[in-house]
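Following: one structure in structure tokens, then a few remarks.
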Amino acid sequence: MKRVVSVSLGSSLRDHRVRVNLLGEEFEISRQGTDGDIDRALALLEELDGSVDAIGLGGIDVYLYAGKTRYTVKDGLRLLEAVKKTPVVDGSGLKDTLERQTVYYLREHSNLIPPGSRVLMVSAVDRFGMAEAFVELDCDVTYGDLIFTAGIPYPIKTLAELEEIARKTLPEMVKLPFHMLYPTGKKQDTRDDVKVKKFGYYYREAQVLAGDFHLVKRYMPDDLSGQTVITNTTTQDDIAFLRQCGAGTLVTTTPELEGRSFGTNVMEAVLVAITGKGWQDITAGEYLKLLELLDFRPRIVELN
Amino acid sequence: MATHQEITDSLKAFAEGYNSNKRLQTMNRDWNRVIQVLTTDIESAHTLELKDGELRFWEGAADKPDLTVLADSETLADMFYGDITPTEPYMNGTLKIMGSEDDIVRLDFISLLIWGE
Chain X
1446 MKRVVSVSLG
1456 SSLRDHRVRV
1466 NLLGEEFEIS
1476 RQGTDGDIDR
1486 ALALLEELDG
1496 SVDAIGLGGI
1506 DVYLYAGKTR
1516 YTVKDGLRLL
1526 EAVKKTPVVD
1536 GSGLKDTLER
1546 QTVYYLREHS
1556 NLIPPGSRVL
1566 MVSAVDRFGM
1576 AEAFVELDCD
1586 VTYGDLIFTA
1596 GIPYPIKTLA
1606 ELEEIARKTL
1616 PEMVKLPFHM
1626 LYPTGKKQDT
1636 RDDVKVKKFG
1646 YYYREAQVLA
1656 GDFHLVKRYM
1666 PDDLSGQTVI
1676 TNTTTQDDIA
1686 FLRQCGAGTL
1696 VTTTPELEGR
1706 SFGTNVMEAV
1716 LVAITGKGWQ
1726 DITAGEYLKL
1736 LELLDFRPRI
1746 VELN
Chain W
6 MATHQEITDS
16 LKAFAEGYNS
26 NKRLQTMNRD
36 WNRVIQVLTT
46 DIESAHTLEL
56 KDGELRFWEG
66 AADKPDLTVL
76 ADSETLADMF
86 YGDITPTEPY
96 MNGTLKIMGS
106 EDDIVRLDFI
116 SLLIWGE
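Residue numbers (my numbering), protein chains in the order written: chain X, 1446 to 1749; chain W, 6 to 122.
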């Protein structure tokens, strides 16, 4: 049996363990949250290194992208470099293929994102592939990177402006402690009421809400009107929360395994374990082929 | 070591950089804050006020600042002139910013956007 573990900076309340059969092989997939404690995450990574088949880093990005430029998050790199023997991934390789494909899939197989759809991406630099796919499919996209990360009520409306702002700010911002840029630990279990009140307008105006679930959830107002949410990691409680807030449909880019969808870091770690290769050696084409073999499709859940 | 006058001049350049940037003014229309700038090595205090998207500054301390920026005179002058970014001195403790974490991140973004333009 292969063992894949996701070490997350997120809340331990979301810890989970499943056993699944993938392409004829048994997998034990688990997620271990460290409640925002980076030292605890480092210790856990060192403990797991060499004793499991692949490790995913959750609740943190190592790499952010805007256009062709890659920015390395300092805290994420610390975690990545703590693992010496076992293949370790942050999900960014899979995001670029799987999440892009999810948008194309929804256009082809559903009426959830017709041309001209108003899409709010709560953050795009962590999902640039998805951001590009929405634009390719003629959606009216608002990138909320400045709104939700910096509290600056400035909707970015083009990929060119997103890249330009990223070029000026990200080389420095990635050096800050990650918790200043993204909700980690207990913050993942709470909403930011001040920002919900201030920026809820952007959610209400959109037809589609897309991006990292912890960000989507943290700023979500109670009075949605049937919006589609395209995201990754969700639990049964998250689904209940979305229903309560009035979201119409949930789409998760990663498949459901025993009632919940795991993060892209977990699924990428699974794919790495299947191939037995290092992540640097796996091409986007190989990821796509594996996803097809595994018959991984987006999960669509009608909520209201 | 920089002089009080050099810090004043650097803040003038910072405020001019900000006020000549319409996009930054639009971005900060909602953010009314008083920011106090204090030095650790010389007698010097300045106050920046962001109000309705406009930035002005004056010499002297503030009564009720929302944020306090504290560093040695050289770091402050270099930072407000855009010769160095605030991240590095903030991370190594040379620069201290007292205020809410949200405000600190926002101030960091503004500084980066002024000198990156």
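Think of the CB as a built atom: it goes at the ideal place given N, C-alpha and C, for glycine as much as any other residue.
Just so you know, these numbers come straight off a predicted model, no measurement behind them.
- Ranked by Cα distance from residue 1500 of chain X, the options X:1452, X:1709, X:1571 are led by X:1452.
- Secondary structure within the stretch 1599–1660 of chain X: the alpha helix (DSSP H) runs of 4 or more consecutive residues, fully enclosed, are 1604–1618, 1638–1650 (chain order).
- Annotated as proximal: residue 1595 of chain X and residue 110 of chain W, with beta-carbon spacing under 7 Å.
- When the beta-carbon positions are compared, residue 1480 of chain X and residue 1571 of chain X stay at least 7 Å from each other.
- Using a CB distance cut-off of 7 Å, residue 1521 of chain X does not count as an interface residue toward chain W.
- When C-beta distances to chain W are compared with 8 Å, the residues of the stretch 1614–1634 of chain X below that value are 1614, 1617, 1618, 1620, 1621, 1625, 1626, in chain order.
- Remark: C-beta atoms of residue 22 of chain W and residue 89 of chain W do not approach each other more closely than 7 Å.
- Taking 8 Å as the upper bound for CB-CB distance, residue 1539 of chain X and residue 1709 of chain X are in contact here, some 5 Å apart.
- Non-local beta-carbon contacts of residue 1580 of chain X in its own chain, meaning distances under 8 Å to residues more than five positions away in sequence, involve 1586, 1604 in chain order.
- A Cβ-Cβ distance of about 6 Å is found for the pair residue 1589 of chain X and residue 1566 of chain X, placing them in contact under the 8 Å criterion.
- DSSP, read as helix, strand or coil, puts residue 1741 of chain X in coil.
- A direct Cα-Cα distance of roughly 50 Å separates residue 1676 of chain X from residue 49 of chain W.
- Note on geometry: alpha-carbon atoms of residue 1679 of chain X and residue 1701 of chain X lie some 9 Å from one another.
- Spanning the alpha carbons of residue 1681 of chain X and residue 1695 of chain X requires a straight line of approximately 12 Å.
- Taking a 10 Å sphere around the C-beta of residue 1747 of chain X, we find fewer than 16 other C-beta atoms and assign the residue as exposed.
- At a cut-off of 7 Å between C-beta atoms, residue 1504 of chain X does not count as an interface residue with respect to chain W.
- By the rule that beta-carbons nearer than 7 Å mark a contact, residue 1595 of chain X touches chain W.
- Its chain contains 41, 63, 67 as the residues whose beta carbon lies nearer than 6 Å to that of residue 52 of chain W, once the 5 sequence neighbours on both sides are disregarded; these appear in chain order.
- In this chain, the alpha helix (DSSP H) harbouring residue 1579 of chain X covers 1573–1581.
- The C-beta of residue 1666 of chain X comes no closer than 7 Å to any C-beta of chain W.
- Residue pairing from DSSP places residue 1472 of chain X in a beta bridge opposite X:1447, X:1465.
- Per DSSP, residue 65 of chain W has no beta bridge partner at all.
- Counting the other CB atoms within 10 Å of its CB gives residue 1618 of chain X a total of 16 or more, which places it among the buried residues.
- Counting along the chain, the unbroken alpha helix (DSSP H) around residue 1524 of chain X starts and ends at 1519–1526.
- Residue 37 of chain W is classed as exposed because its beta carbon has fewer than 16 other beta carbons within 10 Å across all chains shown.
- When CB distances to chain W are screened at a threshold of 8 Å, the residues of the stretch 1598–1612 of chain X falling below it are 1598, 1599, 1610, 1612, in chain order.
- When DSSP states are grouped into helix, strand and coil, residue 1500 of chain X belongs to the strand group.
- Non-local beta-carbon contacts of residue 1647 of chain X in its own chain, meaning distances under 8 Å to residues more than five positions away in sequence, involve 1565, 1587, 1589, 1592, 1600 in chain order.
- Inter-residue distance for residue 78 of chain W and residue 1628 of chain X is about 34 Å (C-alpha atoms, whole angstroms).
- For residue 83 of chain W, the enclosing alpha helix (DSSP H) covers residues 78–86.
- Between the stretch 1485–1501 of chain X and the stretch 1458–1469 of chain X there are fewer than three C-beta pairs closer than 8 Å, too few to call the two in contact.
- Cβ-Cβ separation between residue 1692 of chain X and residue 1674 of chain X: approximately 5 Å, consistent with a contact (criterion under 8 Å).
- By the C-beta criterion, the stretch 1482–1490 of chain X is judged to be in contact with the stretch 1521–1534 of chain X, since at least 3 inter-stretch pairs fall below 8 Å.
- With 16 or more other Cβ atoms inside 10 Å of its own Cβ, residue 1568 of chain X counts as buried.
- Within the same chain, and ignoring the five residues on either side of residue 1560 of chain X in sequence, the residues whose Cβ sits closer than 8 Å to its Cβ are 1582, 1583, 1584.
- Leaving aside the five residues that flank residue 1640 of chain X on each side, the residues in its chain whose CB is nearer than 8 Å to its CB run, in chain order, 1593, 1596, 1663, 1664.
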